[in-house]
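*Asks:*
In our numbering, the protein residues as written are 3 to 288.
1. Is the CB-CB distance between residue 68 and residue 9 below 9 Å?
2. Are the stretch 3 to 23 and the stretch 273 to 283 in contact at 8 Å, needing three or more beta carbon pairs?
3. Where does residue 41 land, buried or exposed, given buried means 16+ other C-beta within 10 angstroms?
4. Leaving out five residues before and five after residue 182 in sequence, what residues of the same chain have Cβ atoms less than 8 Å from its Cβ?
5. Looking at the unbroken alpha helix (DSSP H) that takes in residue 158, where does it start and where does it end?
6. Does the stretch 105 to 124 come close enough to the stretch 233 to 247 to have 3 or more Cβ pairs within less than 8 Å?
7. How far does the alpha helix (DSSP H) with residue 18 in it extend, from its first residue to its last?
8. Between the beta-carbon of residue 222 and the beta-carbon of residue 149, is there less than 9 Å?
9. Could you check whether the stretch 63 to 77 touches the stretch 191 to 208, counting it as contact only if at least three pairs of C-beta atoms, one from each stretch, sit closer than 8 Å?
10. Can the beta-carbon of residue 174 be found closer than 9 Å to that of residue 202?
11. Hey, quick one: how far does the alpha helix (DSSP H) through residue 219 stretch, first residue to last?
12. Is it buried or exposed for residue 287, if we count other Cβ within 10 angstroms and need 16 for buried?
13. Taking only three categories from DSSP, how would you classify residue 165?
14. In the DSSP assignment, find the beta strand (DSSP E) that holds residue 268 and state where it starts and stops.
15. On the premise that residue 87 lies in contact with residue 52, defined as a C-beta separation below 8 Å, what is that separation, rounded to the nearest angstrom?
16. State yes or no: is the C-beta of residue 89 within less than 9 Å of the C-beta of residue 60?
17. Going by DSSP, what residues sit across from residue 66 in a beta bridge?
18. Whole angstroms is fine: what's the gap from residue 167's alpha carbon to residue 215's?
19. With burial defined as no fewer than 16 other Cβ atoms inside 10 Å of the residue's Cβ, what is the status of residue 97: buried or exposed?
20. What residues are listed by DSSP as bridge partners for residue 240?
21. Using only the alpha-carbon positions, how far apart do residue 36 and residue 71 sit?
22. If we ignore side chains and look at the alpha-carbon of each, how far apart do residue 260 and residue 189 end up?
23. Can you tell me whether residue 287 is helix, strand or coil according to DSSP?
24. Exposed or buried, what is residue 106 when buried is set at 16 or more other beta-carbons lying within 10 Å of its beta-carbon?
25. Might you give, ordered along the chain, the residues of its own chain that have their beta carbon closer than 6 Å to the beta carbon of residue 83, omitting 5 neighbours on each side?
26. Starting from residue 43, follow the beta strand (DSSP E) in both directions and report where the run begins and ends.
27. What first and last residue would you give for the alpha helix (DSSP H) that runs through residue 252?
28. Sort 56, 11, 12 and 128 by Cα distance to residue 26 and report the nearest one.
29. Report the CB separation of residue 220 from residue 252 in whole angstroms; it is logged as a contact under 8 Å.
30. In this structure, does DSSP put residue 121 in helix, strand or coil?
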């Protein structure tokens with residue numbers, strides 16, 4: 003049996019291939035080694051009914067996740083999974099690799115993640131080229147859910163958000179400066195909290211303030227990330243993530259204006275990723 007995972011910081015999508023004609027899809031809390039311990043990860047699986055009864059039968063696991071850029075972080079994930087799936091070979095890699103396999107496969111291309119956070123990488127068909135990006139929600143994450151959540155909150159608190167939107171924002175979230183400051187600076191996972199405000203943009207997408215906010219955020223992502231590659235116009239640029247997916251019309255328009263060729267835009271790459279691993283698992287390990 004093959005188990006494939008694509009994990010962000012807030013949620014993880016899984017597909018368990020039981021046989022050629024049977025697979026099980028399920029979702030768990032996000033598994034990011036920056037925020038979780040081995041015990042935390044094991045507990046997540048103990049509370050996941052879909053996997054019960056299969057832990058001894060899984061033979062291969064391919065886990066791709068946020069926060070898995072360093073060997074020690076990958077080892078933490080691998081050790082936890084090995085304790086749950088005792089008979090399985092475990093491979094752990096960064097979420098950008100999942101983006102690449104789900105979009106470009108084994109072909110050249112630029113892959114972008116724009117979800118809760120944001121990141122980018124170039125794949126030349128054989129090697130993933132390191133970028134200077136992926137700095138997290140404090141230093142980077144341009145155009146992401148955390149970026150837009152921060153802009154919405156500051157616009158609300160500074161009084162620069164239009165009055166009719168500000169009233170709707172308050173009615174929806176019932177927040178004030180004190181509660182926001184406490185939640186961001188004194189409680190865990192402030193990045194998730196910031197990103198939780200992004201749906202407000204979908205609900206008010208026709209408002210000029212929201213359109214301008216999205217345009218500024220995506221343009222900042224384009225200028226900071228995509229244009230860091232001098233030959234970006236020569237490559238197809240693919241996107242993965244909820245923000246890119248839900249606001250794809252604006253994203254595609256802005257890319258077209260700057261000569262960027264857009265390929266796939268996937269909300270969740272797990273189906274394409276699982277299919278790719280099933281067909282190419284041996285190749286990517288060579």
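Here a beta-carbon is modelled for each residue, glycine too, at the ideal position from N, C-alpha and C.
Note that this is a predicted model, so its numbers are computed, not measured.
*Replies:* With the structure as the only source:
1. As a position in the chain shown, residue 68 is number 66, starting the count at 1. As a position in the chain shown, residue 9 is number 7, starting the count at 1. Yes; because the gap between Cβ atoms is below 9 Å, this pair is in contact.
2. yes
3. For the purposes of this step, residue 41 is taken as the residue at position 39 of the chain shown. Counting Cβ neighbours within 10 Å, residue 41 comes out exposed, since fewer than 16 surround it.
4. Here the question's residue 182 lines up with position 180 in the chain shown. Once the five neighbours on either side are set aside, the close Cβ partners of residue 182 are 155 and 159.
5. Here residue 158 refers to the residue found at position 156 when the chain shown is read from its first residue. 147 to 160 is the extent of the alpha helix (DSSP H) around residue 158.
6. yes
7. Working through the chain shown from its first residue, we reach residue 18 at position 16. Element bounds for residue 18: not the alpha helix (DSSP H) but the beta strand (DSSP E), 13 to 21.
8. By one-based count along the chain shown, residue 222 stands at place 220. By one-based count along the chain shown, residue 149 stands at place 147. Yes, these two residues count as a Cβ contact at 9 Å.
9. no
10. Here residue 174 corresponds to residue number 172 of the chain shown, with the count starting at 1. Here residue 202 corresponds to residue number 200 of the chain shown, with the count starting at 1. Yes, these two residues count as a Cβ contact at 9 Å.
11. The residue given as residue 219 occupies position 217 in the chain shown. Run containing residue 219: 210 to 226, per the alpha helix (DSSP H) assignment.
12. Position 285 of the chain shown, counted from the first residue, corresponds to residue 287. Residue confidence is low: residue 287 scores 47 on pLDDT, short of 50, so the model does not pin down where it sits. No coordinate-derived value is stated.
13. On the chain shown, residue 165 is found 163 positions in, with the first residue counted as 1. Helix.
14. Counting from one through the chain shown, the residue named residue 268 turns up at place 266. Residue 268 -> beta strand (DSSP E) spans 263 to 268.
15. Stepping through the chain shown from its first residue, residue 52 is reached at position 50. Stepping through the chain shown from its first residue, residue 87 is reached at position 85. With a Cβ gap of about 14 Å, residue 52 and residue 87 do not count as contacting.
16. Mapped onto the chain shown, residue 89 falls at position 87. Mapped onto the chain shown, residue 60 falls at position 58. The answer is yes: Cβ separation under 9 Å.
17. Position 64 of the chain shown, counted from the first residue, corresponds to residue 66. In the DSSP output, where bridge partners are listed per residue, residue 66 has 8 and 95.
18. Here the question's residue 167 lines up with position 165 in the chain shown. Here the question's residue 215 lines up with position 213 in the chain shown. Roughly 13 Å between the two C-alpha positions.
19. Your numbering for residue 97 matches position 95 in the chain shown. Classification of residue 97: buried, given that the 10 Å Cβ count is 16 or more.
20. Position 238 of the chain shown, counted from the first residue, corresponds to residue 240. 113.
21. Sequence index remark: in the chain shown, residue 36 carries index 34 (1-based). Sequence index remark: in the chain shown, residue 71 carries index 69 (1-based). Going by the C-alpha atoms only, they are around 10 Å apart.
22. To locate residue 260, count along the chain shown from 1; it is residue 258. To locate residue 189, count along the chain shown from 1; it is residue 187. Distance between the alpha carbons of residue 260 and residue 189: 40 Å.
23. Sequence index remark: in the chain shown, residue 287 carries index 285 (1-based). Confidence is the limiting factor: at residue 287 the pLDDT is only 47, short of 50, which leaves the residue's position unreliable and the question unanswerable from this model.
24. Sequence index remark: in the chain shown, residue 106 carries index 104 (1-based). Looking at its Cβ environment, which holds 16 or more other Cβ atoms inside 10 Å, residue 106 is buried.
25. As a first step, residue 83 must be located in the chain shown, where it is residue number 81. Here the set comprises 63 and 92.
26. As a first step, residue 43 is located in the chain shown; it is residue number 41 there, counting from the start. Segment 40 to 48 is the alpha helix (DSSP H) holding residue 43; no beta strand (DSSP E) there.
27. Position 250 of the chain shown, counting from 1, holds the residue named residue 252. Here the alpha helix (DSSP H) through residue 252 covers 250 to 259.
28. On the chain shown, residue 26 is found 24 positions in, with the first residue counted as 1. The residue with the shortest Cα to Cα distance from residue 26 is 56.
29. Stepping through the chain shown from its first residue, residue 220 is reached at position 218. Stepping through the chain shown from its first residue, residue 252 is reached at position 250. Sure, about 6 Å apart at Cβ, within 8 Å.
30. Within the chain shown, numbered from 1, the residue matching residue 121 stands at position 119. In this structure, residue 121 counts as strand in the three-state DSSP scheme.
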